[in-house]
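Trainee: Supplied in structure tokens, the structure appears directly below.
In the numbering used here, the protein residues as written are 155 to 814.
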């Protein structure tokens with residue numbers, strides 16, 4: 155390598171970047187307040203460290219320097235960081251020059267992370283450069299079309315990139331399980347058929363396997379264990395950000411916008427027994443929340459919690475979000491354990507620095523922001539408290555709808571959720587679309603298992619079935635798990651259709667999880683994050699075509715009616731709630747544990763009359779009187795047989811008023 159010229163550079167642009175048009179010099183800036191020194195290390199294609207440069211200057215909390223004379227290969231410059239300082243775990247300090255660190259601002263990695271015990275921060279002095287992926291600096295950084303502004307979602311499809319296409323017979327073998335597979339015609343055709351306009355990708359940023367999974371021979375299948383927040387995971391996006399950008403663009407031409415599920419609440423460096431891969435080695439005390447005795451705070455259940463009140467962490471998150479919008483063209487984000495973003499010490503604050511920055515940012519205020527509004531810390535349940543312009547996952551919708559169809563809930567709760575959860579969102583002047591309604595998500599039972607299992611069956615996860623929720627509000631229809639009993643199978647199909655019909659006929663934003671529309675099962679595993687195998691990959695060969703057609707019918711009904719969804723909450727002029735005898739519900743009726751509820755929605759194009767019947771018997775219904783020349787017509791039923799004046803057992807019936 156030619157002699158390098160080292161100079162001070164600047165602290166303005168964190169990460170590693172070119173500093174001139176000829177791209178013959180780079181600037182390195184690393185935020186590490188407690189480090190004594192930061193080293194920039196260059197590697198060749200054989201993974202040999204060929205240069206190590208101590209950054210010569212420090213401005214405030216940032217170490218920085220400029221390097222001239224580097225020859226940048228066409229495939230990009232491979233580099234890593236090292237940090238020196240005090241090694242004192244009891245004081246939250248883990249400086250160790252032997253640990254190669256990934257740049258928090260890296261936008262591409264040489265390969266996926268592979269966990270090894272040598273990476274553990276407690277293994278002081280163990281060289282890790284042969285184990286750690288190298289950050290890659292490239293000349294070519296594609297830019298997205300920034301003229302596109304996110305649309306309000308109608309139907310969100312939550313999907314794991316790998317699980318969605320790994321077994322799809324019509325996806326070319328070499329593309330299966332990758333981001334590129336998402337733009338295959340067979341995938342797009344399926345999404346459009348079931349009315350999807352927003353594809354939500356579970357985490358695609360580079361992640362590391364949890365150490366306990368490594369020792370069990372299991373692998374993280376979901377990606378909620380990130381290390382590099384601006385680099386795509388090489389195992390599912392081998393073409394880098396260019397592959398993601400092209401996929402997003404193709405989907406957009408078909409009317410489907412893409413949003414990313416992002417994890418800014420913790421990192422894969424885990425607790426003090428975890429690896430030192432990036433932020434921990436640069437400045438564990440700065441990047442993660444600690445108590446007064448320098449113990450990691452674990453508001454996430456994952457071993458650590460990002461210190462989102464720190465200005466440098468705010469900048470890292472903001473820069474990451476803008477990168478995905480401006481370079482990849484994504485239309486927004488779903489934030490895992492979002493209360494962490496607003497944690498100030500122990501309390502949640504809607505005006506916390508990070509949340510305030512996101513609201514006013516000229517890039518981010520044009521995209522979708524969706525909160526998972528809970529974590530496991532003190533005051534961690536913040537559902538309804540994020541304010542505009544946030545959308546929020548509505549777990550109360552999930553639970554109240556499940557309880558109604560289980561037979562243990564109140565019709566008053568069902569009505570509130572179906573009508574858009576005004577009790578939660580109206581006080582903050584947000585519309586029903588704010589409520590992201592779902593019956594099942596990646597975390598918990600999938601839809602088929604919800605009606606097939608009374609208890610979780612997580613034995614394959616290697617934790618003696620202790621992991622995952624014990625409160626699933628599920629029912630097995632007579633026997634636990636898979637069965638050949640045709641009557642039980644039919645009962646389960648009926649329940650799945652009723653649940654899906656309820657979801658699509660509710661005010662708010664619909665979210666379905668990939669595979670629920672075609673009968674996917676996970677064998678009763680309600681925490682399948684560790685199952686990167688056929689138990690979570692979607693079985694397209696055995697798909698339930700009738701169920702897919704039914705979901706398509708629901709999506710078509712939702713798209714064509716002018717009453718679903720509304721941008722304002724229903725008033726008494728918009729909706730009437732009915733008993734089976736056709737009478738308007740009174741105060742007593744709302745508390746009598748009825749299993750049948752009618753909802754009449756008024757619209758200029760024809761009123762809709764929806765009957766929800768969770769009883770295990772058919773219920774005769776009286777239809778509201780219509781003006782002369784108009785009558786009720788059945789337009790959808792989740793039951794296999796329909797009669798206009800009968801709500802079939804365990805079904806949803808939809809009628810519309812039409813001129814004779």
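Ideal Cβ placement from N, Cα and C applies to all residues, glycine included. Computed from a predicted structure; not experimentally measured.
Are the beta-carbon atoms belonging to residue 593 and residue 648 less than 8 angstroms from one another?
Mentor: Contact flag unset, no.
Trainee: Tell me, to the nearest whole angstrom, how far the beta carbon of residue 422 is from that of residue 362; I am working on the premise that it is less than 8 angstroms.
Mentor: 4 angstroms
Trainee: By the DSSP assignment, the beta strand (DSSP E) with residue 618 in it spans what residues?
Mentor: Looking at the DSSP string, residue 618 is not in any beta strand (DSSP E), and its letter there is neither H nor E.
Trainee: In whole angstroms, give me the CA-to-CA distance for residue 606 and residue 272.
Mentor: 43 angstroms
Trainee: Using C-beta distances below 6 angstroms, list every residue in its chain close to residue 558, excluding the 5 sequence neighbours before and after it, in chain order.
Mentor: Cβ contact annotation for residue 558 (same chain, cutoff 6 angstroms, sequence separation greater than five): 568 and 768, in chain order.
Trainee: Report buried or exposed for residue 527, applying the criterion of at least 16 other Cβ atoms within 10 angstroms of its Cβ.
Mentor: buried
Trainee: In whole angstroms, what separates the C-alpha of residue 777 from that of residue 758?
Mentor: 19 angstroms
Trainee: Can you tell me whether residue 225 is buried or exposed? The criterion is at least 16 other CB atoms within 10 Å of its CB, across all chains shown.
Mentor: exposed
Trainee: Can you tell me which of 467, 629, 609 and 630 puts its alpha carbon nearest to the alpha carbon of residue 620?
Mentor: 609
Trainee: Across the stretch 612-632 and the stretch 670-689, are there enough close Cβ pairs to call them in contact, namely three or more that are closer than 8 angstroms?
Mentor: yes
Trainee: Any idea which residues DSSP pairs residue 535 with across the strands?
Mentor: Answer is 528.
Trainee: Tell me the rounded alpha-carbon separation between residue 706 and residue 597.
Mentor: 24 angstroms
Trainee: Can you tell me which of 450, 387 and 487 puts its alpha carbon nearest to the alpha carbon of residue 352?
Mentor: Nearest option by C-alpha distance: 487.
Trainee: Is the distance from the Cβ of residue 625 to the Cβ of residue 435 below 8 angstroms?
Mentor: no
Trainee: Going by C-alpha to C-alpha distance, which of 542, 232, 708 and 182 sits closest to residue 210?
Mentor: 182
Trainee: Would you list, in sequence order, the uninterrupted alpha helix (DSSP H) runs of no fewer than 4 residues that lie entirely inside the stretch 707-740?
Mentor: none
Trainee: Count the other C-beta atoms from every protein chain shown that fall within 10 angstroms of the C-beta of residue 700, then say buried if there are 16 or more, exposed otherwise.
Mentor: Flag for residue 700 reads exposed.
Trainee: List the DSSP bridge partners of residue 415.
Mentor: 488
Trainee: When burial is assigned at 16 or more other CB atoms within 10 Å of the CB, is residue 694 buried or exposed?
Mentor: With 16 or more neighbouring CB atoms inside 10 Å of its own CB, residue 694 falls in the buried class.
Trainee: For residue 754 and residue 806, I'd like the C-alpha separation in whole angstroms.
Mentor: 13 angstroms
Trainee: Select from 306, 255, 246 and 277 the residue whose C-alpha is nearest the C-alpha of residue 817.
Mentor: Any answer about residue 817 is impossible in this case: the structure gives the chain only from 155 up to 814.
Trainee: Given a threshold of 16 other Cβ atoms within 10 Å of its Cβ, counted over all protein chains shown, does residue 303 qualify as buried or as exposed?
Mentor: exposed
Trainee: For the beta strand (DSSP E) containing residue 360, name the first residue and the last one.
Mentor: 359-361
Trainee: Would you say residue 329 and residue 338 are within 8 angstroms of each other, going by their C-beta atoms?
Mentor: yes
Trainee: So if DSSP puts residue 171 in a beta bridge, which residue, or which two residues, is it bridged to?
Mentor: 181
Trainee: For residue 307 and chain B, any beta-carbon pair shorter than 8 angstroms?
Mentor: The structure shown contains no chain B; it is built from a single protein chain.
Trainee: Between 430, 205, 410 and 572, which has its C-alpha nearest residue 336's C-alpha?
Mentor: Ranked by Cα distance from residue 336, the first of 430, 205, 410 and 572 is 410.
Trainee: Please classify residue 613 as buried or exposed, where buried requires at least 16 neighbouring CB atoms within 10 angstroms.
Mentor: exposed
Trainee: Whose C-beta lies closer than 7 angstroms to the C-beta of residue 412 among residues of the same chain, with five residues either side of it excluded?
Mentor: Only 353, 355, 402, 405, 484 and 485 meet the Cβ criterion.
Trainee: Here's the rule: buried if 16 or more other CB atoms are within 10 angstroms of the residue's CB, otherwise exposed. What is residue 741?
Mentor: exposed
Trainee: Taking the alpha carbon of residue 630 as the point to measure from, which residue in 376, 602 and 615 has its own alpha carbon closest?
Mentor: When 376, 602 and 615 are compared, the shortest CA-CA separation from residue 630 is found for 602.
Trainee: Excluding the 5 residues preceding and the 5 following residue 283 in the sequence, name in chain order all residues of the same chain whose CB lies nearer than 8 angstroms to its CB.
Mentor: Counting only Cβ-Cβ distances below 8 angstroms, and skipping sequence neighbours, we find 195, 197, 201, 203, 234 and 254.
Trainee: Could you give the uninterrupted runs of the beta strand (DSSP E) lying entirely in the stretch 553-630, keeping only those of 3 residues or more?
Mentor: 589-591, all fully within the stretch 553-630.
Trainee: Would you mind reading off the limits of the alpha helix (DSSP H) that contains residue 656?
Mentor: 640-658
Trainee: Helix, strand or coil: which one does DSSP assign to residue 438?
Mentor: helix
Trainee: Could you check what DSSP says for residue 278 in three-state terms: helix, strand or coil?
Mentor: Of the three classes helix, strand and coil, the one that applies to residue 278 here is coil, per DSSP.
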